[in-house]
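Asker: Next up is a structure, given as structure tokens.
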Amino acid sequence: MNEDIRELYQQMIMDHNKNPRNFHAMADADRTAEGYNPLCGDHFKVYVKMEGEIIKDISFDGSGCAISKSSASMMTAALKGKTRAEAKALFEEVHKMLSRGIGEPFDAAKVGKLATFCGVCEFPSRVKCATLPWHTLLEGLDPTGKQVTTE
Amino acid sequence: MDRSADAKIFDVEQIRKDFPILREQVYGKPLTYLDNAATTQKPLAVIDTLTQYYSKENANIHRGIFCLSEQATKRYKSARHKVQEFLGAASDKEIIFVRGTTEALNLVAQCYGRTFLKAGDEVLITHMEHHSNIVPWQMLSEEIGIKLKVVPINDQGELILEELKKLLTDNVKFVAVVHISNALGTINPVKEIIRLAHAKGIPVVVDGAQAVAHTPVNVRDLDCDFYAFSGHKLLGPTGIGVLYGKKEFLEKMPPYQGGGDMIRSVTFEETTYNDLPYKFEAGTPHIAGVIGLGVAIDYISSIGLGRIEAYEQELLNYGTEKLLQVPGLRLIGTAKHKSAILSFVLGEAHAHDIGTILDRQGIAIRAGHHCAMPVMQRFNVPATTRASLAFYNTREEIDRLVAALHEVTEVFQ
Chain L
1 MNEDIRELYQ QMIMDHNKNP RNFHAMADAD RTAEGYNPLC GDHFKVYVKM EGEIIKDISF
61 DGSGCAISKS SASMMTAALK GKTRAEAKAL FEEVHKMLSR GIGEPFDAAK VGKLATFCGV
121 CEFPSRVKCA TLPWHTLLEG LDPTGKQVTT E
Chain C
1001 MDRSADAKIF DVEQIRKDFP ILREQVYGKP LTYLDNAATT QKPLAVIDTL TQYYSKENAN
1061 IHRGIFCLSE QATKRYKSAR HKVQEFLGAA SDKEIIFVRG TTEALNLVAQ CYGRTFLKAG
1121 DEVLITHMEH HSNIVPWQML SEEIGIKLKV VPINDQGELI LEELKKLLTD NVKFVAVVHI
1181 SNALGTINPV KEIIRLAHAK GIPVVVDGAQ AVAHTPVNVR DLDCDFYAFS GHKLLGPTGI
1241 GVLYGKKEFL EKMPPYQGGG DMIRSVTFEE TTYNDLPYKF EAGTPHIAGV IGLGVAIDYI
1301 SSIGLGRIEA YEQELLNYGT EKLLQVPGLR LIGTAKHKSA ILSFVLGEAH AHDIGTILDR
1361 QGIAIRAGHH CAMPVMQRFN VPATTRASLA FYNTREEIDR LVAALHEVTE VFQ
């Protein structure tokens, strides 16, 4: 099998794709946002319950490719209990990792388990899949009223 | 050069040599190009024609009093004649050059639809139309209040003709139907549909984008009133397409755009429009594209569409059989009469993941809704993976596709 493919579809990504965490609607969410990439068909809703500045609970539902779905799953797992500012800082690091040049390093310590998405930068057309859940979350945290898309 | 004379041998390896891109590699793998429904590759004859035109012959047509312009005009006219013969049209005045199928269909909706249809009139389309044969009619609906009626399809992806007959009421004033579905491969019985519509005096436009490079088309035999296709799906350049229209319709329709070439005389008080086909071709046309399209038609005719169709059917049968052996693979579109388009879903794997994995093996396929979202909704899938074949594809390429699909299964087990 192609090495880049093996690196892209790592076991952890495939596990989260098959058994997504926090994969449900949240009836008492105080924030929700919807992200949709019409060309791909990736379509997710992110639900957040805040307690002050802290993300008390977070979940998602919808459908999409393995990259977008596992990204959403791992994002929710990583952010539970984090503050709004911490969530944004983490996305900045994730974004740096995803959009870095091929072969360039990234700060693995800052992204934790999300480093499993480091292979996505080899596939420029798939970066938008990994970032869709994150941009959807940001809209939830600071609503602008716009439909979220990364296409 | 007349290879059609040699009817028995279809020498695909020889044909492949005419297409320089087929020698390219992607990620160190030979390019396996299976996205022909999106656009076909170009034979050297077409590529050389464009280079030759721009490096030695470029001039604007119709008005120049100099050698190059006269030559360009002659070649432009001769290409129109080639299209006329290719489609079996009665006159080259019935051949309108446009940018592509999309523009051709918009022209019909705007120039025929907006002029001759009125609020409450129904336009009958099908569930398997490409967005380009849905949206122009929806826009017209917003503009003048026509209604859209949709002929349903069955689980195989075939039109339900009984339903079509029921929907063909006296309220229907126009029918717009796709010849071959880009998402399913279904070949529609357009001749029969046209016959049914004409029995009630209803004109018909056929979207031939997926047909002209894969099956012989004769507009007079079909008796369609309009027929649309794109040059780039017929080995020609992008940005050039054709609308065939019966003279009686084109003559009574108003122009599409105003500008140079489409007029006979202009004063600030009054403008007299030019004759067909120029009435519909405002401005400097895509001259190189038209000449290139003419060469593409010469090329495909030298091989022969009958032979191409037979070869592609054989390839389709082989591909269908091989794909169905991939565990968890389900074909979307299993019509009895099918063109060489293999649209499928594979287990839990999303079409874009499949596309990425195949790409690294040098295999170019399409993943998505194929600009036919209603088809995806009908089959309750977000997207499909589509391999669409052309006469330069081989069994070996299908084997490569199948091997790569096993790799997908491995990743997604």
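Chains L and C, in that order, are what the protein sequence lines are. For the first sequence, position 111 (counting from the first letter as 1) is numbered 111 according to this note's numbering, and the numbering increases by one without interruption. So the number in this note's numbering is just where the residue sits in the second sequence, counting from 1, plus 1000. Note that CB positions come from ideal geometry on N, CA and C, so glycine has one too.
If valine 1326(C) sits next to tyrosine 9(L), beta carbons under 8 Å apart, how far is it from one beta carbon to the other, in whole angstroms?
Answerer: Position 326 of the second sequence, counting from 1, holds the residue named residue 1326(C). Position 9 of the first sequence, counting from 1, holds the residue named residue 9(L). With 8 Å as the limit, valine 1326(C) and tyrosine 9(L) do not qualify as a contact, their Cβ atoms being about 18 Å apart.
Asker: State yes or no: is the beta carbon of arginine 21(L) nearer than 8 Å to at least one beta carbon in chain C?
Answerer: The residue labelled residue 21(L) in the question sits at position 21 within the first sequence. Chain C contact via Cβ: absent.
Asker: What is the DSSP secondary structure of phenylalanine 1097(C), counted as helix, strand or coil?
Answerer: On the second sequence, position 97 is the one that residue 1097(C) refers to. Reduced to three states, the DSSP call for phenylalanine 1097(C) is strand.
Asker: Please list, in chain order, the chain L residues whose beta carbon lies closer than 8 Å to that of threonine 1356(C).
Answerer: Locating residue 1356(C) in the second sequence gives position 356, counting from the first residue. In chain order: Ile5, Leu8, Phe123, Ser125 and Arg126.
Asker: Considering only C-alpha positions, which residue in the set Val1375(C), Ile1354(C) and Asn1380(C) is nearest to alanine 1404(C)?
Answerer: Reading the second sequence from its first residue, position 404 is the one you call residue 1404(C). For the residues Val1375(C), Ile1354(C) and Asn1380(C), the minimum Cα distance to alanine 1404(C) belongs to Ile1354(C).
Asker: Could you tell me how far apart the beta carbons of threonine 83(L) and isoleucine 58(L) are, in whole angstroms, since I believe they sit closer than 8 Å?
Answerer: In the first sequence, counting from the first residue as 1, residue 83(L) sits at position 83. In the first sequence, counting from the first residue as 1, residue 58(L) sits at position 58. Going by Cβ atoms, the distance from threonine 83(L) to isoleucine 58(L) rounds to 13 Å, so no, they are not a contact pair.
Asker: Output the boundary residues of the alpha helix (DSSP H) element that contains threonine 1051(C).
Answerer: Reading the second sequence from its first residue, position 51 is the one you call residue 1051(C). That run of the alpha helix (DSSP H) goes 1044-1052.
Asker: Indicate whether at least one CB of chain L lies closer than 8 Å to the CB of arginine 1386(C).
Answerer: For the purposes of this step, residue 1386(C) is identified with residue 386 of the second sequence, where counting begins at 1. No, its Cβ sits nowhere closer than 8 Å to a Cβ of chain L.
Asker: So, does the CB of cysteine 40(L) fall closer than 8 Å to a CB anywhere in chain C?
Answerer: Position 40 of the first sequence, counted from the first residue, corresponds to residue 40(L). For cysteine 40(L), the answer is yes, since a Cβ of chain C falls inside 8 Å of its Cβ.
Asker: Does the pairing of the segment 1374-1386 of chain C with the segment 1219-1231 of chain C give three or more beta-carbon distances under 8 Å?
Answerer: no
Asker: Which runs of the beta strand (DSSP E) fall wholly inside the segment 1069-1137 of chain C and span at least 3 residues, in chain order?
Answerer: Listed in chain order, they are 1095-1098 and 1122-1126.
Asker: Just the C-alpha distance for methionine 74(L) and glutamate 1348(C), rounded to the nearest angstrom, thanks.
Answerer: Stepping through the first sequence from its first residue, residue 74(L) is reached at position 74. Stepping through the second sequence from its first residue, residue 1348(C) is reached at position 348. When rounded, the distance between both Cα atoms is 19 Å.
Asker: What ranges does the beta strand (DSSP E) occupy inside the segment 17-49 of chain L, keeping only unbroken runs of at least 3 residues that lie completely in it?
Answerer: Listed in chain order, they are 31-37.
Asker: Could you spell out the range, first to last residue, of the alpha helix (DSSP H) harbouring arginine 1395(C)?
Answerer: Position 395 of the second sequence, counted from the first residue, corresponds to residue 1395(C). That run of the alpha helix (DSSP H) goes 1395-1411.
Asker: For a contact meaning CB atoms closer than 8 Å, what does serine 71(L) contact in chain C?
Answerer: On the first sequence, position 71 is the one that residue 71(L) refers to. Correct list: empty, because the minimum Cβ distance to chain C is about 13 Å.
Asker: Could you name the residues of the same chain whose beta carbon sits closer than 7 Å to that of histidine 135(L), not counting the 5 residues immediately before and after it, in chain order?
Answerer: In the first sequence, residue 135(L) corresponds to position 135, counting from 1. Cβ neighbours of histidine 135(L) beyond the five flanking positions: Gly35, Val148 and Thr150.
Asker: Assuming leucine 1235(C) contacts isoleucine 1300(C) (C-beta within less than 8 Å), just tell me the rounded distance between them.
Answerer: Counting from 1 along the second sequence, the entry for residue 1235(C) is found at position 235. Counting from 1 along the second sequence, the entry for residue 1300(C) is found at position 300. Here leucine 1235(C) really is in contact with isoleucine 1300(C); their C-beta atoms are around 6 Å apart, less than 8 Å.
Asker: Taking Cβ positions only, does alanine 1383(C) come closer than 8 Å to chain L?
Answerer: As a first step, residue 1383(C) must be located in the second sequence, where it is residue number 383. Taking Cβ atoms only, chain L reaches closer than 8 Å to alanine 1383(C), which makes this a yes.
Asker: Please decide whether histidine 1406(C) counts as near chain L, where near means a Cβ-Cβ distance under 8 Å.
Answerer: One-based indexing of the second sequence puts residue 1406(C) at position 406. Output row for histidine 1406(C): interface = no.
Asker: Could you give the distance in angstroms between the alpha-carbon of lysine 1279(C) and the alpha-carbon of isoleucine 1061(C)?
Answerer: Working through the second sequence from its first residue, we reach residue 1279(C) at position 279. Working through the second sequence from its first residue, we reach residue 1061(C) at position 61. Going from the Cα of lysine 1279(C) to the Cα of isoleucine 1061(C) covers about 16 Å.
Asker: Could you tell me which uninterrupted alpha helix (DSSP H) segments, each at least 4 residues in length, are contained entirely in the segment 1320-1406 of chain C, listed from first to last along the chain?
Answerer: 1351-1359 and 1373-1378
Asker: Taking the C-alpha atoms as reference points, what is the distance between lysine 1093(C) and glycine 1113(C)?
Answerer: Locating residue 1093(C) in the second sequence gives position 93, where the first residue counts as 1. Locating residue 1113(C) in the second sequence gives position 113, where the first residue counts as 1. Going by the C-alpha atoms only, they are around 21 Å apart.
Asker: Of all Cβ atoms in chain L, is any one closer than 8 Å to the Cβ of alanine 1104(C)?
Answerer: On the second sequence, position 104 is the one that residue 1104(C) refers to. No, because no Cβ of chain L sits closer than 8 Å to the Cβ of alanine 1104(C).
Asker: Using a C-beta to C-beta distance shorter than 9 Å, which residues of chain C count as neighbours of glycine 64(L)?
Answerer: Position 64 of the first sequence, counted from the first residue, corresponds to residue 64(L). Per Cβ cutoff of 9 Å: His1350, His1352 and Pro1382.
Asker: If we define contact as Cβ-Cβ less than 8 Å, is cysteine 129(L) a contact residue for chain C?
Answerer: Stepping through the first sequence from its first residue, residue 129(L) is reached at position 129. Chain C contact via Cβ: present.
Asker: Note down, in chain order, each residue of its chain lying with its Cβ closer than 6 Å to the Cβ of alanine 1372(C), except the 5 sequence neighbours on either side.
Answerer: Residue mapping note: residue 1372(C) aligns to position 372 of the second sequence, counting from 1. Same-chain partners within the cutoff: His1130 and Ala1183.
Asker: Are at least three pairs of beta-carbons, each pair with one atom in the segment 122-132 of chain L and one in the segment 30-44 of chain L, less than 8 Å apart?
Answerer: yes
Asker: Leaving out five residues on either side along the sequence, give the residues of the same chain with a beta carbon under 6 Å from the beta carbon of serine 1265(C).
Answerer: The residue labelled residue 1265(C) in the question sits at position 265 within the second sequence. Sequence-distant Cβ neighbours of serine 1265(C) in its own chain, meaning closer than 6 Å and more than five residues away, are Thr1272.
Asker: From the DSSP secondary-structure annotation, give me the bridge partner or partners of serine 1265(C).
Answerer: On the second sequence, residue 1265(C) is found 265 positions in, with the first residue counted as 1. Note: serine 1265(C) sits in a beta bridge opposite Thr1272(C).
Asker: Compute the Euclidean distance between the alpha carbons of glutamate 104(L) and lysine 18(L), then round it to the nearest angstrom.
Answerer: Locating residue 104(L) in the first sequence gives position 104, where the first residue counts as 1. Locating residue 18(L) in the first sequence gives position 18, where the first residue counts as 1. For glutamate 104(L) and lysine 18(L), the distance between alpha carbons rounds to 30 Å.
Asker: Which residue from Gly52(L), Ala33(L) and Leu39(L) puts its Cα closest to that of aspartate 61(L)?
Answerer: Position 61 of the first sequence, counting from 1, holds the residue named residue 61(L). Answer by Cα proximity: Ala33(L).
Asker: What residues of chain L sit near glutamate 1410(C), judged by a beta carbon separation below 8 Å?
Answerer: For this step, residue 1410(C) is matched to residue 410 along the second sequence. Residues of chain L passing the Cβ test: Met1.
Asker: Ignore the nearest five residues each way along the sequence and tell me which others in threonine 1102(C)'s own chain have a CB closer than 7 Å to its CB.
Answerer: Within the second sequence, the letter at position 102 stands for residue 1102(C). Ser1132, listed in sequence order.
Asker: Identify the contact partners of methionine 14(L) in chain C, using a Cβ-Cβ distance below 8 Å as the criterion.
Answerer: The residue you call residue 14(L) lines up with position 14 of the first sequence. Chain C residues near methionine 14(L): Val1411 and Phe1412.
Asker: Specify, as a first and last residue, the run of the alpha helix (DSSP H) that leucine 1196(C) falls within.
Answerer: Within the second sequence, residue 1196(C) is the residue found at index 196, counting from 1. Segment 1190-1199, the alpha helix (DSSP H) holding leucine 1196(C).
Asker: Return the residue from the list Met26(L), Glu7(L) and Gly119(L) that minimises the CA-CA distance to lysine 96(L).
Answerer: Taking the first sequence and counting its residues from 1, the one referred to as residue 96(L) is at position 96. The shortest Cα separation from lysine 96(L) among Met26(L), Glu7(L) and Gly119(L) belongs to Gly119(L).
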